[in-house]
Amino acid sequence: MNGALLVAGATSDAGKSVLTAGICRWLHRQGVAVAPFKAQNMSLNSGVTPDGAEIARAQLVQAAAAGIPPEAAMNPVLLKPTSDRESQLIVMGQAQGGVEAGHYRRGTLLGVVLTALDDLRRRFDVVVCEGAGGIAEINLRAGDLANLGLAEPAGLPVLVVCDIDRGGVFASAFGSLALLSPADQARVQGFLINRFRGDPALLEPGIAELERRTGRPVLGVVPWLAELAHALDAEDSLALERPPPPAGGEAALEVAVIRFPRISNFTDLDPLAAEPGVRVRYTADAGVVAGADLVVLPGTKSTVADLDWLRGRRLDQALVARGRAGGPILAICGGYQMLGERIVDGVESRRGELPGLALLPVSTVFTEDKVLARPSGSASAFGDEPVSGYEIHHGRVSRAGGEPLFQVSATGGAAERATGGAGFEEGCRAGAVLGTCWHGVLERDGFRRAVLSWVAATRAIDWEPGSRPFASIREARLDVLGDLITRHVDTTALTRLIEGGGAAALPVVKTRLVKTRLVKTRLVEARLAEARLAGGGAGLPC
Numbered sequence: 005m006n007g008a009l010l011v012a013g014a015t016s017d018a019g020k021s022v023l024t025a026g027i028c029r030w031l032h033r034q035g036v037a038v039a040p041f042k043a044q045n046m047s048l049n050s051g052v053t054p055d056g057a058e059i060a061r062a063q064l065v066q067a068a069a070a071g072i073p074p075e076a077a078m079n080p081v082l083l084k085p086t087s088d089r090e091s092q093l094i095v096m097g098q099a100q101g102g103v104e105a106g107h108y109r110r111g112t113l114l115g116v117v118l119t120a121l122d123d124l125r126r127r128f129d130v131v132v133c134e135g136a137g138g139i140a141e142i143n144l145r146a147g148d149l150a151n152l153g154l155a156e157p158a159g160l161p162v163l164v165v166c167d168i169d170r171g172g173v174f175a176s177a178f179g180s181l182a183l184l185s186p187a188d189q190a191r192v193q194g195f196l197i198n199r200f201r202g203d204p205a206l207l208e209p210g211i212a213e214l215e216r217r218t219g220r221p222v223l224g225v226v227p228w229l230a231e232l233a234h235a236l237d238a239e240d241s242l243a244l245e246r247p248p249p250p251a252g253g254e255a256a257l258e259v260a261v262i263r264f265p266r267i268s269n270f271t272d273l274d275p276l277a278a279e280p281g282v283r284v285r286y287t288a289d290a291g292v293v294a295g296a297d298l299v300v301l302p303g304t305k306s307t308v309a310d311l312d313w314l315r316g317r318r319l320d321q322a323l324v325a326r327g328r329a330g331g332p333i334l335a336i337c338g339g340y341q342m343l344g345e346r347i348v349d350g351v352e353s354r355r356g357e358l359p360g361l362a363l364l365p366v367s368t369v370f371t372e373d374k375v376l377a378r379p380s381g382s383a384s385a386f387g388d389e390p391v392s393g394y395e396i397h398h399g400r401v402s403r404a405g406g407e408p409l410f411q412v413s414a415t416g417g418a419a420e421r422a423t424g425g426a427g428f429e430e431g432c433r434a435g436a437v438l439g440t441c442w443h444g445v446l447e448r449d450g451f452r453r454a455v456l457s458w459v460a461a462t463r464a465i466d467w468e469p470g471s472r473p474f475a476s477i478r479e480a481r482l483d484v485l486g487d488l489i490t491r492h493v494d495t496t497a498l499t500r501l502i503e504g505g506g507a508a509a510l511p512v513v514k515t516r517l518v519k520t521r522l523v524k525t526r527l528v529e530a531r532l533a534e535a536r537l538a539g540g541g542a543g544l545p546c
């Protein structure tokens, strides 16, 4: 097999990332050399490749589904929002500074994107490209890099994923196609219906009518599986609207995760949710924070702004009271910086020196260059359990007390850092409060279970750790995604689409404008008068 495909969506969070991973897994299991690709991603969930490049977490997991190491070419452009109007721009894995929405230049980046895609297509049999947002965002078409703005110059056939769980799936599919120009419509070769619950036979009349009106096939109806709601590292916080249920039944340990406005790398908590008897809840409620067995402050792209938000909701008071009372707290990256004594930020917020929550004896100074590393070592505070992770941060944290959380054995290409300790120590523990710059540390089974066992002992709760490695859970989930493609998608048609490049000539879908007449003023007044008489003057016509 040889070719490429763009998996686009009718909406954001339609399941593009999951189905792209599933297609990669299906091809990989057939012995096809396949690579994932997303030209431009906007996500606060990112990771570090083995060669020290920063790309979106979704592409890291898609690479795992394809059975290959991740690399910068798989996500050449990454935007990490720092506010409603500004994002940090990352090109080929390296930060390039901030850009405003109105000053985003497509021309130069299109060349970078096409070069990266061409490189992958030379080295792999098939490249499965993932689109971004909705395909019919016509206000963004002129500057599009990830959807039809990519499909056109790269000659890609397009498959549109539609989320039936939202409702209105046929209108979404038809309307998305009808809004496109004839040239863009010609790229769209079919649809996939995702997240269906029930008997697929109920959809058959609607599918037949959609195919008749558009001239394009529905290649499959993919069912909703609860265990797949969190099967892939999500791109954005929309996924947090569907929190995972406790693994293995009723929860014994309650974990509260602070849901910052600019929360990043919340996939760090996926391994906790996979442990039997652990419930993970994302919250902004001080009462939940006070009552949880473990509170986690995750990463954030805007440390100072989210610290202001924390204080505005009085969550700072709940955290300080909890820390002083010996309630377990784990803070990661930006959350770790917040728990220190001071933050000096002339880079992200540019607000200079500010006080932290003073639960840990550390200080943070932001610098222009970003640390991108894949360190490893041992958790000296937890029986020297092996630990590893990845670092993505501008803030350098120095420790002036407490004890180190980790002893570092390898830095994995980290930029120069300030540890405030022996130079090979990382993180801080003071009482029941833990902090680290390392993302991904909870994926190490021994360390994760040691932390949860410590929480259970501290809270006098009877809890038994699981025995299944998280890596095997993730692999099994990827296999389930591959099975979904095999069982619920017309793989013969999908193969033909990948190899044929969308050569089939398909009809252009047109819509008619319907003129409406204005209702006469007198008629409206009469109905309002009737409503007032009937309802004592308070009613309005339905």
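Residues 5 to 546 (this note's numbering) are what the sequence shown spells out, left to right. Don't be surprised by glycine CBs; every beta carbon is placed ideally from N, CA and C.
{"query": "CB contact flag (G406, P473, <9 Å)", "result": "no"}
{"query": "Nearest residue (CA-CA) to G327, options V299, D312, G486 and R170", "result": "V299"}
{"query": "Coil, strand or helix - G135 by DSSP", "result": "coil"}
{"query": "Buried/exposed call for P302, threshold 16 Cβ in 10 Å", "result": "buried"}
{"query": "Residues near D169 in its chain [Cβ-Cβ closer than 7 Å; skip 5 each side]", "result": "R199 and W228"}
{"query": "Limits of the unbroken alpha helix (DSSP H) element including L485", "result": "F474 to H492"}
{"query": "Three-state secondary structure assigned by DSSP to M96", "result": "coil"}
{"query": "Three-state secondary structure assigned by DSSP to S471", "result": "coil"}
{"query": "For E211, the first and last residue of its enclosing alpha helix (DSSP H)", "result": "Contrary to the premise, residue 211 reads as Ile rather than Glu in this sequence. Start and end: E208 to T218."}
{"query": "Residues sharing a beta bridge with H443, DSSP", "result": "Y394"}
{"query": "Segment limits, alpha helix (DSSP H) that includes C28", "result": "K20 to R33"}
{"query": "Distance between L118 and R145 (C-alpha atoms, nearest Å)", "result": "17 Å"}
{"query": "Coarse secondary structure for R346, derived from DSSP in three states", "result": "strand"}
{"query": "Same chain, Cβ closer than 6 Å to R29, five either side skipped, listed in chain order", "result": "A69, L482, L485 and G486"}
{"query": "Paired residues, beta bridge with Y286 - DSSP", "result": "V261"}
{"query": "Where G51 falls: helix, strand or coil (DSSP)", "result": "strand"}
{"query": "Cβ pair V348, S380 closer than 9 Å", "result": "no"}
{"query": "Start-to-end residues for the beta strand (DSSP E) that takes in P359", "result": "G356 to P359"}
{"query": "CA nearest to the CA of A4, picked from A136, L154 and G138", "result": "Lying before the first or after the last residue shown, residue 4 is absent from the chain, which here runs from 5 to 546."}
{"query": "Secondary structure of A120, DSSP reduced to three states", "result": "helix"}
{"query": "Closest Cα partner of A256 within the set R220, D297 and A187", "result": "D297"}
{"query": "Where V523 falls, given that 16 or more other Cβ within 10 Å makes a residue buried", "result": "Note on V523: pLDDT 41, under 50, position unreliable in the model; no value is reported."}
{"query": "Under 9 Å between C-beta atoms of G101 and G56", "result": "no"}
{"query": "Residue nearest to V293 in terms of C-alpha spacing, selected from R263, P275, E357 and V308", "result": "R263"}
{"query": "Own chain residues within Cβ distance below 6 Å of R266, not counting five before or after", "result": "T304, K305, S306 and D310"}
{"query": "Touching by the beta-carbon criterion (3+ pairs, under 8 Å), the stretch 389 to 401 and the stretch 457 to 472", "result": "no"}
{"query": "Heavy atom of the ligand GTP within 8 Å of C166 beta-carbon", "result": "This structure simply doesn't include the ligand GTP, nor any ligand for that matter."}
{"query": "Buried/exposed call for G387, threshold 16 Cβ in 10 Å", "result": "exposed"}
{"query": "Straight-line gap, E58 to I94 (C-alpha atoms, nearest Å)", "result": "8 Å"}
{"query": "Three-state secondary structure (DSSP) of S16", "result": "coil"}
{"query": "Exposed unless 16 or more other CB atoms sit within 10 angstroms - verdict on K514", "result": "exposed"}
{"query": "Contact check, V36 vs V164, beta carbons under 9 Å", "result": "no"}
{"query": "Expected contact under 8 Å - CB spacing of L409 and G393 to nearest Å", "result": "Contact doesn't hold; Cβ gap of about 11 Å is too wide."}
{"query": "T499 (DSSP reduced to helix, strand or coil)", "result": "helix"}
{"query": "Where T112 falls, given that 16 or more other Cβ within 10 Å makes a residue buried", "result": "exposed"}
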